[in-house]
Amino acid sequence: MAATGAGEGIFNTSICLEEATDGNPFVAQQRYIRGFPVDELWQHSSFIETLLLMFTGDIPSHTSAALLERLFVGLMNLGPRDAGVRAAMTAGVSNTAEEHLLPIGLIATGGENNGAGEIKPACKFIIKNSKTDPIQCARDLMAQPRPTHAHIAPGFGGHYGTIDPILARLAEDCFTLMPDSRIFNWCRTFTAEIAACHQGLLAPGLVAAVCCELGIRATEAVAIYQLCKAPGIAAQGFEQLRHPIQSNPLLADEDYELT
Amino acid sequence: MKTMNSPDLESLWQRNRQHIRTNIGKWFPGEDVIVRGRSLFNDWVNELSFIQFNVLNITGRLVNERVAKWIETSIFFTSYPDARIWCNQLGALAGTQKTSPVAGFVLGCLAADSKAYGSRAQYLSVIAVQDMYQQYAEGQTAAEIVEGFPKSRGFPMIPGFARPVRVNDERLEPARRLTAQLGFERGPHMEMAEDASQYLLDTYGLGMNAAGFCSAFLLDQEFTAEEVYRLRVADVASGVMACFSDHAHQPENSFLPLQCNDIRYCGPAKRSLLTARK
């Protein structure tokens, strides 16, 4: 079989190199992730370390890996009432083909309201403002008129009209891993100030803060958010496949008001 | 080491590497598009309805205006703007979460690829009616065919017959009227399906549903099960997008918001990981 030409290709990537076998140019005999052979990675690198390697280009420090690990575990399952989890559960209980459940949950969690669509604006907000006075920044924002329920800033808002206590604890447990982080200290102070209007850090804001600290670009922080939430979406959605569709009855007629 | 692949596969991979070979059509940028051998802009756009064009694209076949009208009208039957229906719940949810409308559309259509309803249920119904007809043509009675299906809670489980909500299907009579008004004669698959439906009604109180009726009709129009599946992928889209639009300006978490105790937990009792690991 003819060998492929060097330098040819339809995609450019700095993440993955594949070397073909001698006999078949369609089969890879070795794969390198950011230069490291996959064998070495699966033997000696953790999931989080390899993830950070792919997204940042470098082997992470222990602290960076610990930080992302904590974020992943903390956001892994935001519960059946989270939009993404709920979407997957609704699809699961209504017998949607199982291979669609995870994509359904990820798509549902992609919106601008406390979803993946809020990640990039949150990153930009944090990067732009984290060099300013967080208290003044908070006060300036609180003084501006905004619609009810609107987030005071991307990544920072209310959770059913108040501050999400679980997210607040997770954020603090993440921030304490890097006590000298300018970004984390800024977020902590800013969040404390906006508590006066019953708003706090949201999951997209926490992911944005962590990604900014780890040097993950705003666009790619969207992927980190989706990856964080994927396991809980999958577990909760797939669990529902075992329940009959009747276990999740449609809303009763008398509760559906046609105006 | 040389891998042991068949020569046909090897040549296929090499032939297809950086090469597309097809007869379905081609875009000539700045000029035209050829679809199944004819010009999109000079021929098809003047001659076909969208449904006819869609069928042509997907199956390679031209259907007449009557069949196209039937297909188009049948999509009304799956376009309910009721956010209680599972795919529409996701459309509404997507609206409140401010996903893109395309995401809302995809969510709903993907969710409706379900064994219980929607496009996959339609596909399974076509396969069921196809298999039932095969038995019918070989001489089995409707009763024998129906009783050959597995039962759940005493009711035969036949795709296309009865519904997840277990009420009479309000779409069935409109579907029958549509078919009659367009002048279609009852074909062999429909004869069998109506026979089976009557037996089910007489014996179990519930007959064919609209999916079963549509399956029989489309089989009589010589569509395959795979073609029906491909043609009906977005049947729920109109209802999904209605629900998306209805909730797009609503605050997050405003669609059927759930309290913590609205979820029935049936897992392990609360415990400490630190204690469990000792």
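Chains as they are written, first to last, in the working numbering: chain R, 1 to 259; chain F, 1001 to 1278.
For glycine and all other residues, C-beta sits at the position ideal for the given N, C-alpha and C.
Assuming Gly79/R and Leu241/R are in contact, meaning their beta carbons sit under 8 angstroms apart, how far apart are those beta carbons, in whole angstroms? Gly79/R to Leu241/R, Cβ: 19 angstroms. No contact.
Helix, strand or coil for Leu251/R? Go by DSSP, reduced to three states. coil
For Thr63/R, which of Asp180/R, His243/R, Val27/R has the nearest alpha-carbon? Asp180/R
Name the chain R residues whose beta carbon is nearer than 8 angstroms to that of Pro1081/F? Those within 8 angstroms of Pro1081/F in chain R number zero; the least Cβ separation is about 10 angstroms.
Got a sec: which bits of the region 1190-1219 of chain F sit with their beta carbon under 8 angstroms from any beta carbon on chain R, in order along the chain? none
Should Thr1096/F and His1189/F be called a contact, given that it needs their Cβ atoms to be closer than 8 angstroms? no
Test item: CB-CB of Phe967/F and Gly1212/F under 8 angstroms: In the structure as shown, chain F begins at 1001 and stops at 1278. Residue 967/F is therefore absent and cannot be evaluated.
Going by DSSP, what residue range makes up the beta strand (DSSP E) through Glu1194/F? Note, Glu1194/F: premise wrong, no beta strand (DSSP E); alpha helix (DSSP H) at 1188-1204.
Looking only at C-alpha atoms, which of Glu220/R, Tyr256/R, Pro244/R sits nearest to Leu53/R? Glu220/R
Give me the Cα-Cα distance between Pro37/R and Ser1074/F, rounded to the nearest whole angstrom. 55 angstroms
DSSP on Ser1112/F, reduced to helix/strand/coil? The sequence shown places Ala at residue 1112/F, rather than the Ser named in the question. Reduced to three states, the DSSP call for Ala1112/F is coil.
Can you give the Cα-Cα distance for Asp39/R and Ser14/R, rounded to whole angstroms? 18 angstroms
I want to see whether chain F comes within less than 8 angstroms of Ala20/R, judged by CB atoms only; does it? no
Excluding the 5 residues flanking Met1/R on each side, which residues of the same chain have their C-beta closer than 7 angstroms to its C-beta? With a pLDDT of 39 at Met1/R, under the threshold of 50, the modelled position of that residue is not reliable, and the figure given next carries that caveat. Hits under 7 angstroms: Gly23, Asn24, Pro25.
Quick check on this structure: which residue in Asn185/R, Leu250/R, Leu227/R has the alpha carbon closest to the alpha carbon of Gly105/R? Leu227/R
Suppose the cutoff is 7 angstroms on Cβ atoms and the five residues either side in sequence are ignored; what does the same chain contact list for Ala138/R look like? Phe190, Glu193, Ile194
Look up Ser1215/F in the DSSP assignment and say whether it is helix, strand or coil. helix
Can you tell me the Cα-Cα spacing of Ile1058/F and Asn1209/F, whole angstroms? 26 angstroms
Does the Cβ-Cβ distance between Gly155/R and Leu214/R come in under 8 angstroms? no
Looking only at its own chain, which residues have a Cβ that is under 6 angstroms from the Cβ of Gly205/R, when we skip the five neighbours before and after it? Ala122, Gly155, Phe156
Using beta carbons (cut-off 8 angstroms, strictly below), is Pro80/R in contact with chain F? yes
Burial state of Arg1277/F (16 or more Cβ within 10 Å): exposed
List in chain order: all unbroken beta strand (DSSP E) runs of 3+ residues lying wholly within the region 73-158 of chain R. none
Taking Thr1203/F as the reference, give the member of Ile1158/F, Pro1257/F, Ala1143/F with the closest Cα. Ala1143/F
So with Cβ pairs under 8 angstroms, would you call Lys1151/F a contact of chain R? no
Could you list which residues in chain R have their beta carbon closer than 7 angstroms to that of Pro1251/F, in chain order? His149
Can you list, in chain order, the residues of its chain whose CB lies under 7 angstroms from that of Glu112/R, leaving out five sequence neighbours each side? Glu118
Residue nearest to Gly9/R in terms of C-alpha spacing, selected from Pro1007/F, Cys1087/F, Gln1018/F: Gln1018/F
With which residues is Lys1026/F paired in a DSSP beta bridge? Ile1034/F
For Ala20/R, name the three-state secondary structure that DSSP assigns. strand
DSSP state of Ile33/R mapped onto helix, strand, coil: strand
Partner residues on chain F for Tyr160/R, Cβ-Cβ distance less than 8 angstroms: Asn1253, Pro1257
Nearest-angstrom Cβ-Cβ length linking Lys120/R and Ala218/R, presumed shorter than 8 angstroms: 5 angstroms
Return the residue from the list Asp1262/F, Thr1275/F, Asp1235/F, Leu1218/F that minimises the CA-CA distance to Val1126/F. Leu1218/F
Range covered by the alpha helix (DSSP H) that runs through Arg1066/F: 1065-1076
So, helix, strand or coil for Gly57/R, using DSSP? coil
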